[in-house]
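The sequence shown begins at 692 in my numbering and counts up by one. Backbone N, C-alpha and C define an ideal beta-carbon position, used for all residues, glycine too. This one's a predicted model, so the numbers in the text were calculated from it and none came from an experiment.
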Amino acid sequence: MFTRRHLLATAVAAPAILRFGTGTAHAATTLKISHQFPGGTVDKGDFRDRLCRMFAAEVSKRSKGDIAAEIYPNSSLIKTNAQFSAMRKGALDISLYPMPYAGGELPETNIGLMPGLVTTYDQGMRWKKEPVGKALTDFLADKGIILLTWVWQAGGVASRSKPIVAPEDAKGMKVRGGSREMDMVLQTAGASVLSVPSNEIYAAMQTGACDAGITSSTSLISFRLEEVAKSLTSGAGASYWFMLEPLMMSKAIFDKLPKNHQDVLLAVGSELETFGRKGAQDDDVEVAKVYEKAGAKVSALDAATVGKWRDIARDTAWKDYGAKTATAAKLLKLASDVSA
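Below is the structure:
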C-alpha cells in the first residue's frame, strides 16, 4: 500500500548507479522513464509525473537498489511521438504514453481513445480483467510493449471562444481531438481538425491555429490552457472522451531482466493503478475550479449529450476502425461487450 509517508521516505532525487551490499559493489540496472508532461516531485505536480516517480522509488526499494530509474519529463529525453517506437526498438525503457499517439504506427492502438466507447472509469478499468484486456495486452506484447500500469483519463474541451458541448457546437471550429477516430467525429460534426500532442495545444491555441483542444482534465490543468481559453467543457460528470494512458515498458528490455526483477516491476505497476485513477478523478473536479478562477465559462456534459457524440462515433469512427485489421475488429467487439 502506498502511503504519503512511505513514498516520501523511499523517494530519491537521483537514482543510485551502484548498490553497496555486504560484498563488493555491483552495477544496478538503471531504467530511463520518459514522458511528455511537466516534471515535479513525488509529492507535488502532475499526477502522471508523480506516478512515474513513485514507481521508480518503490521499485528501487523492493529490489534493494538493484533497479534504479531516471525520470525525464517534458519529452526531454525523446520527443513525444517518438517514444513508442523507441520502446519497441529497445532504445527507451519506459514511458507513460497516451496509447493512441501510436496510431500512425499501429492503428490498433487507437482503441485507447475511441469516442463514446468508454464512458466511465469503472468501465475502462474493467478492461484489464476482461477478454479485451488480454487481447490488447497480447497484441502489444507481440509488438514489443509491456503494459505496467493501466491509467484511464476522462477529458474535456478548452475553447478560445464559445463552449463546445454538443456536436453541433463544433461546426466551423478548428479543434484538436487527440486521435484519428476523434478527428473523424469532429469532422462529421462540421469542425476542421488539428493533430498535435497535448503539450503543443497551448501554442496552437495561442496563435489561433486551433480554436479548441480536447484533452484530459490533467493536461487541461498542467499545460495551463486556462490562460488561452474562455470556455471549458468538463468531463467530470460524463464524457465521450476517455484516453488510455498507461505506463509502458519495452519488452526487449523487460525480457533481459531476471524474473524477480520482472515480478517487482509488474507488481508495483499494478499497485499504482489505484493512485492513477484517483489522480485522474481528482483532476476532473479540480479543472473546473482552475478555469472558473481564470474567468472561463464552465459547462458540463450529461448522458444525453454524450449519447449524441457516441451515435456519430458508432456510425463513423467505430466502423472505420473495425475495418482496419482483424485485430482492430476483435478489440472493438470485445470492448463493446464491456458494458458501462
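- For P888, same chain residues with a beta-carbon under 7 angstroms away, outside a window of 5 residues either side, are Q727, T771, N772 and Y792 in chain order.
- For Q727, no beta strand (DSSP E) run applies, since DSSP gives it neither H nor E.
- For S852, the number of other beta carbons within 10 angstroms of its own is below 16, and it is reported as exposed.
- A Cβ-Cβ separation of about 5 angstroms places S990 in contact with P854 under the 8 angstroms criterion.
- With a cut-off of 8 angstroms on Cβ pairs, the region 895-914 is in contact with the region 926-936, counting three or more such pairs.
- Per DSSP, G960 is one residue of the alpha helix (DSSP H) stretching across K950 to E962.
- When the five nearest sequence neighbours on each side are left out, the beta carbons in the same chain lying within less than 6 angstroms of the beta carbon of L808 are those of A1026, in order along the chain.
- Here the C-alpha atom of S751 lies approximately 5 angstroms from the C-alpha atom of A759.
- Burial is judged here by how many other beta carbons sit within 10 angstroms of a residue's own beta carbon; E983 has fewer than 16 and is exposed.
- For T840, the enclosing beta strand (DSSP E) stretches over residues I836 to T840.
- A contact between stretches requires three or more CB pairs, one per stretch, nearer than 8 angstroms, and the region 723-738 meets this requirement with the region 772-792.
- In the DSSP assignment, V997 falls within the unbroken alpha helix (DSSP H) covering A994 to D1006.
- Under the criterion of beta carbons closer than 8 angstroms, A929 and L992 qualify as touching, at roughly 5 angstroms.
- The C-beta distance from S913 to D737 rounds to 5 angstroms, short enough to fall under 8 angstroms.
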